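First residue of the sequence shown? That's 146 in the numbering used here, and the numbers climb one at a time after it.
Take a look at the structure set out below.
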Amino acid sequence: MLTKNQFYDITLIRPPAVEAFRFATTSITLPLGLAYIASNLKKNNLEVQVIDAVGNDPKNRIGYYKGYLVGESFSQIISKISKLTNYIGITVVFTHEWPLVVKLIELIKIKFPKKKIVIGGEHVSAMPEFCLATSKADFIVMGEGEETIVELLTLRSIKREKLINIKGLGYRIKNKIIINSRRQRRTDLDDISIPDWESFQIKKYHENRFVGGMYSDDITIPILATRGCPYQCTYCSAPNMWLPRWIPRDPLKVVDEMELYKKKFNAKNFPFQDLTAIIKKDWIKTFCEEIIKRKLKITWQLPTGTRSEAIDDEIAHLLKKSGMTSMAYAPESGSEETRKLIKKRMKTENLFHSISSASSAGLNIAVFIVIGFPHDTNKNLKENIKFVKRLANQGVTDLSVGYYMALPGTQLFNSLFDSGKITLNKKYFSHILDSLAIIPSQKYCFNLTKLKLLYYKIYFLYKFYAEKNKSSIFENFRSLIKLFFTKSTHDSKLQTALFNALNSFKDTIRSRKKRWLSKKEEEFLFKEWDNIYRNIRNKKISSGVIEKSTDQFTDLHKVNVISAIVKDHSTKKQFLISN
Numbered sequence: 146m147l148t149k150n151q152f153y154d155i156t157l158i159r160p161p162a163v164e165a166f167r168f169a170t171t172s173i174t175l176p177l178g179l180a181y182i183a184s185n186l187k188k189n190n191l192e193v194q195v196i197d198a199v200g201n202d203p204k205n206r207i208g209y210y211k212g213y214l215v216g217e218s219f220s221q222i223i224s225k226i227s228k229l230t231n232y233i234g235i236t237v238v239f240t241h242e243w244p245l246v247v248k249l250i251e252l253i254k255i256k257f258p259k260k261k262i263v264i265g266g267e268h269v270s271a272m273p274e275f276c277l278a279t280s281k282a283d284f285i286v287m288g289e290g291e292e293t294i295v296e297l298l299t300l301r302s303i304k305r306e307k308l309i310n311i312k313g314l315g316y317r318i319k320n321k322i323i324i325n326s327r328r329q330r331r332t333d334l335d336d337i338s339i340p341d342w343e344s345f346q347i348k349k350y351h352e353n354r355f356v357g358g359m360y361s362d363d364i365t366i367p368i369l370a371t372r373g374c375p376y377q378c379t380y381c382s383a384p385n386m387w388l389p390r391w392i393p394r395d396p397l398k399v400v401d402e403m404e405l406y407k408k409k410f411n412a413k414n415f416p417f418q419d420l421t422a423i424i425k426k427d428w429i430k431t432f433c434e435e436i437i438k439r440k441l442k443i444t445w446q447l448p449t450g451t452r453s454e455a456i457d458d459e460i461a462h463l464l465k466k467s468g469m470t471s472m473a474y475a476p477e478s479g480s481e482e483t484r485k486l487i488k489k490r491m492k493t494e495n496l497f498h499s500i501s502s503a504s505s506a507g508l509n510i511a512v513f514i515v516i517g518f519p520h521d522t523n524k525n526l527k528e529n530i531k532f533v534k535r536l537a538n539q540g541v542t543d544l545s546v547g548y549y550m551a552l553p554g555t556q557l558f559n560s561l562f563d564s565g566k567i568t569l570n571k572k573y574f575s576h577i578l579d580s581l582a583i584i585p586s587q588k589y590c591f592n593l594t595k596l597k598l599l600y601y602k603i604y605f606l607y608k609f610y611a612e613k614n615k616s617s618i619f620e621n622f623r624s625l626i627k628l629f630f631t632k633s634t635h636d637s638k639l640q641t642a643l644f645n646a647l648n649s650f651k652d653t654i655r656s657r658k659k660r661w662l663s664k665k666e667e668e669f670l671f672k673e674w675d676n677i678y679r680n681i682r683n684k685k686i687s688s689g690v691i692e693k694s695t696d697q698f699t700d701l702h703k704v705n706v707i708s709a710i711v712k713d714h715s716t717k718k719q720f721l722i723s724n
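Next up, the structure:
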């Protein structure tokens, strides 16, 4: 039980989750990264308080730009912070969460002006200097945070000569911001403590269908079997976060973790949150065979997309036999030219061979397509028409068509920003919510209008589902509505997507009555953000830490960005800036 008068080394906060109207299976999920941090702090004998705003009040909705926040209000969160805690840590995974975290930090500092605030997560790792410059946070943790946060919290005194030796740490001293060099990637993943799920309300996430994948009747807990990705896609933040390195855990220990959760929490459904789970055939074969050997009788999913190379008939049937219910492929486009330009190293025929194997094994298969890349034209988008029809005929269950979002820390974002095509304002931070919206609020495709992108989105979905089911559109829709009203495990991602769409639409309307900030306050919050980040980029360019990105989007695939990222990460003192 939490108490406001109990001593803690750190209070970890999972802030309210951001949602918006979306026709997709993606949803709020248990905070895997924060649970890892909590567990490893406790392993090092540190006292940890966890405040999970979502788990504590999953029904509360507060308007947030065009979407809404799910979870406790800022005042409720702050009221639970122990007066005797030394540090306050806040996780920031997604870019669209950053404005709310800035405000939350501001309010925490009003009540606890002397408390040191630490932030971390993928967004922070993508924009470390910016996050310190635009918030009142005292420290940032970049990359894998388990070791960095422990080193910080076990310091006997906070002095510059000690802070400067902690790799992966950023901090402020008076009006200066300092960024240390980053840590080497961890290879000892099996030595990292498994997530501390006892500090989170697993059942509340399940009851509210916050499962991060296709809905299941069974208690759901996310799993991470690998870290990183060996590829360099221009639209993806993984190269900056992880470098192009894929590191797996021991497959037997992953199964141990799943078995433990089944015994401890009665969890029987496990969505894997890996960036690229299936790369090595031997690894996935051992993993599946171990589940079968132990007769676990569980289900598991790969909702985030995986590679196709390792999935043949043998592996597909093992996946099915071991309890996999659904998986996703992320070719991003049916155009070979587009995949070349975005560095998506996947060949069409290899993909279809893999899909054929997965379909013959009886797996539920989804495919992700992204439209609206800067280079997109009518010509290469039309290449998707035959592609989606072939997907339907090959046995793919569901298709998702999303809009390109310019994520910080990616090669494409840097190119767009340096060429003046991105302004870091309210519109930018809210547009990240719209990748699965009906109409894009912002676009970076300069050859096509928003309405044209909407046309292609609808047309691709229509072609796919019409080809998949030759019965009338009315019959298809009636069947889908019937499936929507079932409360049992979903059989299709489309079923979960419809459920999410109707509920998120209802919540979007309902949340308009209560806003997180007034519109005037929202505008003021972003007032200097673009100038701040532009100054940061310019200083890093002028000091030789990074190079200005090309504005020729079709040339990005020729550039190996890893050497530039390594140089940026390894610079011990990148620069000092005024806050």
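Think of the CB as a built atom: it goes at the ideal place given N, C-alpha and C, for glycine as much as any other residue.
Since the structure is predicted, the reported quantities are computational estimates derived from the model, not experimental observations.
Short Cβ contact (8 Å threshold) for residue i with residue j
i, j, result
"residue 513", "residue 473", "yes"
"residue 534", "residue 438", "no"
"residue 649", "residue 166", "yes"
"residue 246", "residue 279", "no"
"residue 268", "residue 578", "no"
"residue 214", "residue 207", "yes"
"residue 545", "residue 506", "no"
"residue 499", "residue 429", "no"
"residue 326", "residue 304", "no"
"residue 209", "residue 237", "no"
"residue 345", "residue 175", "yes"
"residue 226", "residue 196", "yes"
"residue 419", "residue 371", "yes"
"residue 468", "residue 270", "no"
"residue 588", "residue 598", "yes"
"residue 296", "residue 182", "no"
"residue 412", "residue 444", "no"
Nearest-angstrom Cα separation, counted from residue j out to residue i
i, j, result
"residue 685", "residue 595", "34 Å"
"residue 441", "residue 357", "22 Å"
"residue 672", "residue 716", "30 Å"
"residue 254", "residue 282", "9 Å"
"residue 410", "residue 362", "14 Å"
"residue 314", "residue 504", "46 Å"
"residue 502", "residue 676", "51 Å"
"residue 516", "residue 695", "22 Å"
"residue 389", "residue 380", "14 Å"
"residue 216", "residue 348", "15 Å"
"residue 602", "residue 548", "9 Å"
"residue 653", "residue 647", "10 Å"
"residue 693", "residue 477", "27 Å"
"residue 524", "residue 568", "29 Å"
"residue 487", "residue 421", "17 Å"
"residue 574", "residue 239", "10 Å"
"residue 300", "residue 159", "24 Å"
"residue 266", "residue 161", "15 Å"
"residue 234", "residue 691", "29 Å"
Helix, strand or coil at residue i [DSSP, three-state]
i, result
"residue 380", "coil"
"residue 618", "With a pLDDT of 48 at residue 618, under the threshold of 50, the modelled position of this residue cannot be trusted; read the value that follows with caution. Residue state, collapsed to three classes: helix."
"residue 208", "strand"
"residue 324", "strand"
"residue 716", "coil"
"residue 724", "Residue placement at residue 724 cannot be trusted, given a pLDDT of 48 that sits under 50; what the coordinates show is reported in the next sentence. Looking at residue 724 - three-state DSSP - the assignment turns out to be coil, as it is neither helix nor strand."
"residue 374", "coil"
"residue 313", "coil"
"residue 409", "helix"
"residue 607", "helix"
"residue 162", "strand"
"residue 350", "helix"
"residue 396", "helix"
"residue 700", "helix"
"residue 414", "strand"
"residue 643", "helix"
"residue 193", "strand"
Presumed contact (8 Å Cβ cut-off) between residue i and residue j, rounded CB distance
i, j, result
"residue 415", "residue 447", "Contact doesn't hold; Cβ gap of about 10 Å is too wide."
"residue 395", "residue 335", "5 Å"
"residue 333", "residue 187", "Contact flag wrong, Cβ pair sits at about 18 Å."
"residue 706", "residue 203", "About 39 Å; that fails the 8 Å criterion."
"residue 274", "residue 681", "5 Å"
Which runs of the beta strand (DSSP E) spanning at least 3 residues fall entirely within the segment 217 to 301, listed in chain order? Considered as a whole, the segment 217 to 301 harbours 230 to 236, 261 to 265, 284 to 286 as its complete beta strand (DSSP E) runs of no fewer than 3 residues, in chain order.
Whole alpha helix (DSSP H) elements within the segment 498 to 576, 4-residue minimum: 523 to 539, 556 to 563, 571 to 576, all fully within the segment 498 to 576.
Which runs of the alpha helix (DSSP H) fall wholly inside the segment 447 to 498 and span at least 4 residues, in chain order? You should have 458 to 466, 481 to 486.
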